[in-house]
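Numbering (numbering that gives the first Met the number 0), first residue to last: 0 to 314.
Note that beta-carbon positions come from the ideal geometry of N, C-alpha and C, so glycine has one too.
Here is the structure we will look at, set down as structure tokens.
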Amino acid sequence: MKRTSWFKKVWNGRSKGISTVLGTVFLTLVIFAISTNVFLWTLSRNAEYTLAVKEENQKTADRLNEYVIASGTNYSVLEAEEKVRIKVSLKNAGSLAVQLINIWVFDTTQEKYANEPVDVSLNPGQAMPYSLIVALSASNTSDFVSWFVTARGNTVPLQTEEGVIIAELSQGIGSISMDFPQFRYHIYDAKNNSLGPGKYEFSIPSKEDTVLGAYLTNLDESRNDINLTHHSCIWLAETDSAARDDWSITKVVDNAVVDFDYKILEYGKPTLVFFGPTCPSSLSGITAVNILLYGTIGSKDYGQNIPFISIYVTA
Numbered sequence: 000m001k002r003t004s005w006f007k008k009v010w011n012g013r014s015k016g017i018s019t020v021l022g023t024v025f026l027t028l029v030i031f032a033i034s035t036n037v038f039l040w041t042l043s044r045n046a047e048y049t050l051a052v053k054e055e056n057q058k059t060a061d062r063l064n065e066y067v068i069a070s071g072t073n074y075s076v077l078e079a080e081e082k083v084r085i086k087v088s089l090k091n092a093g094s095l096a097v098q099l100i101n102i103w104v105f106d107t108t109q110e111k112y113a114n115e116p117v118d119v120s121l122n123p124g125q126a127m128p129y130s131l132i133v134a135l136s137a138s139n140t141s142d143f144v145s146w147f148v149t150a151r152g153n154t155v156p157l158q159t160e161e162g163v164i165i166a167e168l169s170q171g172i173g174s175i176s177m178d179f180p181q182f183r184y185h186i187y188d189a190k191n192n193s194l195g196p197g198k199y200e201f202s203i204p205s206k207e208d209t210v211l212g213a214y215l216t217n218l219d220e221s222r223n224d225i226n227l228t229h230h231s232c233i234w235l236a237e238t239d240s241a242a243r244d245d246w247s248i249t250k251v252v253d254n255a256v257v258d259f260d261y262k263i264l265e266y267g268k269p270t271l272v273f274f275g276p277t278c279p280s281s282l283s284g285i286t287a288v289n290i291l292l293y294g295t296i297g298s299k300d301y302g303q304n305i306p307f308i309s310i311y312v313t314a
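So this is what it looks like as structure tokens:
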């Protein structure tokens, strides 16, 4: 009994020490757990903040790198419908894809605003004509200021071209211009109905079926489209004889000649127009070339002769 009492006294003294140690360890673990959670929470908040800053900086950089050019703008007022038709040439001159989501039109004469949603996507380097109609009551004497809004929040002003050169062209040689260095001919394979590669030369063979091609641009001051009809052709005539031959306007689809119906020359857009095929077997030597164009501008007839080419027909 004495030994048991002594043991209890000793054990009771040690139990108090163990309880203190266990309490201290538990408290330390609680403090460590709380500190760890606070630390991890702080890290997660810092990571979210850093990510948000990076995303915002990237958005800002992308917004600054957008560069879209809207040029050659043409406004047509539809007074009876209280609408304005807009034609413009778009080009993405930047390094990022751009989406246009809205257009604003301001009639500075009557001080009226209008806007319309649009959905135009432009890849880097892509160029395209674009037309749309905006509901706005305006008159033919109104002046306009317009701009697109991109998905990133940038504005793209619509630029108009100076009309002096265009007017001089229309009053001088006509409303259609030709890109002379882009004139070419193709050897035509009648059996397979296919064109050979384009040759950018001003000499053609006399014993081969050829298709002639020229880039034509509509620069009419009215800014309306020109529709070329089947009467258009290229005509060659020898300078020292009565020999002549002609290439009727044609249409080429997927490198094959198809039946011609019509050819639209949109304002300000270079368009490749084909003529032929023809085998100029009766011609040889230097020849005068006339591109005879006939069609309509709007509801009016239009005709023009581009006589500024000469071709040497080889034997």
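Exercise. How many angstroms separate the CA atom of Q98 from the CA atom of A314?
Worked result: 54 Å
For this session: Look up Y261 in the DSSP assignment and say whether it is helix, strand or coil.
Result: coil
Exercise. Quick one: Cα of S283 to Cα of I175, how far?
Worked result: 29 Å
Problem set entry | Segments of 3+ residues assigned as beta strand (DSSP E) that fall wholly inside the segment 94-147 | 97-106, 111-121, 126-134
For this session: Return helix, strand or coil for E237, following the three-state DSSP convention.
Result: strand
Problem set entry | Range covered by the beta strand (DSSP E) that runs through H185 | 183-188
Exercise. For the segment 180-199 against the segment 225-245, are there 3 or more C-beta pairs whose distance is under 8 Å?
Worked result: no
Exercise. In chain order, what residues of the same chain have a beta carbon less than 8 Å from the beta carbon of K250, not counting five sequence neighbours either side?
Worked result: V256, V257, D258, F259, D260, K262, F273
Problem set entry | Classification of L39 by the beta-carbon crowding that lies within 10 angstroms, buried from 16 upward | exposed
Problem set entry | Distance between Y266 and N217 (C-alpha atoms, nearest Å) | 5 Å
Exercise. Expressed to the nearest angstrom, what Euclidean distance is found between the alpha-carbon atoms of V76 and S88?
Worked result: 18 Å
Exercise. Is I186 closer than 8 Å to P279 when the C-beta atoms are compared?
Worked result: No.
Exercise. How long is the line joining the alpha carbons of V312 and I290, rounded to whole angstroms?
Worked result: 17 Å
Exercise. Helix, strand or coil for N223 per DSSP?
Worked result: coil
Exercise. Where do the ends of the beta strand (DSSP E) carrying S280 lie?
Worked result: Here S280 belongs to no beta strand (DSSP E), and DSSP marks it neither H nor E.
Exercise. If you draw a straight line from the C-alpha of P306 to the C-alpha of A287, how long is it?
Worked result: 8 Å
Exercise. Roughly how many angstroms separate the alpha carbons of I164 and D142, rounded to a whole number?
Worked result: The predicted model places I164 with a pLDDT of 44, which falls under 50 and marks its position as unreliable; any figure quoted below should be read in that light. Their Cα atoms are separated by approximately 20 Å.
Problem set entry | Range of the contiguous beta strand (DSSP E) that encloses F201 | Element bounds for F201: n/a, residue is neither H nor E.
Problem set entry | Stretch-stretch touch, CB-based, cutoff 8 Å, three pairs: the segment 226-240 with the segment 293-304 | Flag = yes, the segment 226-240 and the segment 293-304 touch.
Exercise. Using a Cβ-Cβ distance under 8 Å, would V256 count as near chain C?
Worked result: Checking the listed chains, one finds no chain C in this structure; it contains a single protein chain.
Problem set entry | Status (buried if at least 16 other CB within 10 Å, exposed otherwise) for K86 | buried
Exercise. Whose CA, out of A134, Q158, S138, lies closest to the CA of S145?
Worked result: Q158
Problem set entry | D61 (DSSP reduced to helix, strand or coil) | helix
Problem set entry | According to DSSP, residues forming a beta bridge with D300 | T295
For this session: Compare the Cα-Cα distances from R222 to each of G124, L26, S70, N114 and report the closest residue.
Result: S70
For this session: Could you have a look at I172 and say whether DSSP puts it in helix, strand or coil?
Result: coil
For this session: Taking E81 as the reference, give the member of L95, K111, N56 with the closest Cα.
Result: K111
For this session: Give me the Cα-Cα distance between D106 and S120, rounded to the nearest whole angstrom.
Result: 26 Å
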